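Before any comments, here is the structure.
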Amino acid sequence: MKKTILIIVAVVVILVVAAGLVWFGTWFGNRTLAATTTTKNSWFGGRGNNQFWGSGMMGSGRGFNGGMMGDGRGFNGGMMGDYGNNQVAVTPLSLDEAKKAADSYLATLSNTDLQISEIMIFDNNAYVAVTEKSSGVGAFELLVDPVTKSVFSEPGPNMMWNLKYGGMKHAGMMNGYGASSTNPVTVSADMTVSAKQAIQYAQDFLDANINGAKAATDPMKFYGYYTLDYTVDGKVAGMLSVNGYNGQIFLHTWHGTFIEEKSY
Numbered sequence: 061m062k063k064t065i066l067i068i069v070a071v072v073v074i075l076v077v078a079a080g081l082v083w084f085g086t087w088f089g090n091r092t093l094a095a096t097t098t099t100k101n102s103w104f105g106g107r108g109n110n111q112f113w114g115s116g117m118m119g120s121g122r123g124f125n126g127g128m129m130g131d132g133r134g135f136n137g138g139m140m141g142d143y144g145n146n147q148v149a150v151t152p153l154s155l156d157e158a159k160k161a162a163d164s165y166l167a168t169l170s171n172t173d174l175q176i177s178e179i180m181i182f183d184n185n186a187y188v189a190v191t192e193k194s195s196g197v198g199a200f201e202l203l204v205d206p207v208t209k210s211v212f213s214e215p216g217p218n219m220m221w222n223l224k225y226g227g228m229k230h231a232g233m234m235n236g237y238g239a240s241s242t243n244p245v246t247v248s249a250d251m252t253v254s255a256k257q258a259i260q261y262a263q264d265f266l267d268a269n270i271n272g273a274k275a276a277t278d279p280m281k282f283y284g285y286y287t288l289d290y291t292v293d294g295k296v297a298g299m300l301s302v303n304g305y306n307g308q309i310f311l312h313t314w315h316g317t318f319i320e321e322k323s324y
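In my numbering, each number is its position in the sequence shown, counted from 1, plus 60.
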């Protein structure tokens, strides 16, 4: 009798778990499909909040923050941070503050070939482009949190497409690059997609998704992809990356409103 009851209980548990998995699979599939059908040229989909990386499980608020990964306005919303839905007013970083934080971070990597080449200030975070002194090629991209001044590896192509310094297993979204920045792999910076083609792919994507947007003509070359700004009405409105081998587009959805920038 006891054995029969145990069997019945086990079957019920299995059915409940299976039903949960089916529901989750359906939900996740619908979210992914909705996010990836806006344009065939986009890694995660269509415009703005339809980007999979910036909505649903990975974020539904402004920038890199919604759902499970935070639903506030800055890099630290929701589960990932400090202010979430409270919409606390945050003072954007200055260029000097962002550079000081990034310089301190680079000093921990013990790689003298790395240098800051560009900083862009947004209301959600500061974006920092790091290049190699020896080659001039982009090494990796960082974000600086305006509240804690902590430095993070930028998500997206910086982790997934970066053939020399990237890789989820090394990057660690909460801890920067660590081992891969001090011991990068040997890889060529040559890619099958040229800078000119990358600009055209970016413009095609913008034409299909963001009215009046114009791709910059000076993309920064990284090991595996390009990153470039785009403007609307002559003002910087955001950034996107282009895969250097298949031309796929990844829209950076976590920056917020552009404030200022400086090259170094």
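Don't be surprised by glycine CBs; every beta carbon is placed ideally from N, CA and C.
Keep in mind that this is a model prediction, so the values were computed, not measured.
Nonlocal neighbours in the same chain, by C-beta distance under 6 angstroms from residue i, ignoring five residues either side
i	result
F212	L203
M234	The predicted position of M234 is uncertain, since its pLDDT is 36 and thus under 50; a value taken from the coordinates is nonetheless stated next. None.
E178	A189, S323
A276	L288, D289
Contact set for residue i: own chain, Cβ-Cβ below 7 angstroms, skip 5 residues either direction
i	result
H315	G123, F182, N184, N185, Y187, G298, M299
E320	L155, I181
A161	V204, K209, V211
T317	F182, D183
7 angstroms Cβ cutoff met for residue i and residue j
i	j	result
T274	T287	Note on identity: in this sequence residue 274 is Lys, with Thr being the wrong assignment. The answer is no: Cβ separation not under 7 angstroms.
A199	L174	yes
K224	Y283	yes
A190	A249	Going by the sequence as given, residue 190 is Val instead of Ala. No. Outside cutoff.
Y305	M251	yes
G307	V253	yes
P217	L153	no
8 angstroms Cβ shell around residue i - same chain, five flanking residues per side excluded
i	result
P279	A255, A258, I259, A262, Y286, T287, L288, V302
D293	G272
Exposed unless 16 or more other CB atoms sit within 10 angstroms - verdict on residue i
i	result
A167	exposed
T313	buried
V150	buried
For residue i, the residue or residues it bridges with in DSSP
i	result
F182	F318
N303	Y285
V190	I176, F200
F265	Bridge partners of F265: none, in fact.
CB contact below 7 angstroms: residue i versus chain C
i	result
N171	Chain labels in this structure do not include chain C; a single protein chain is all it has.
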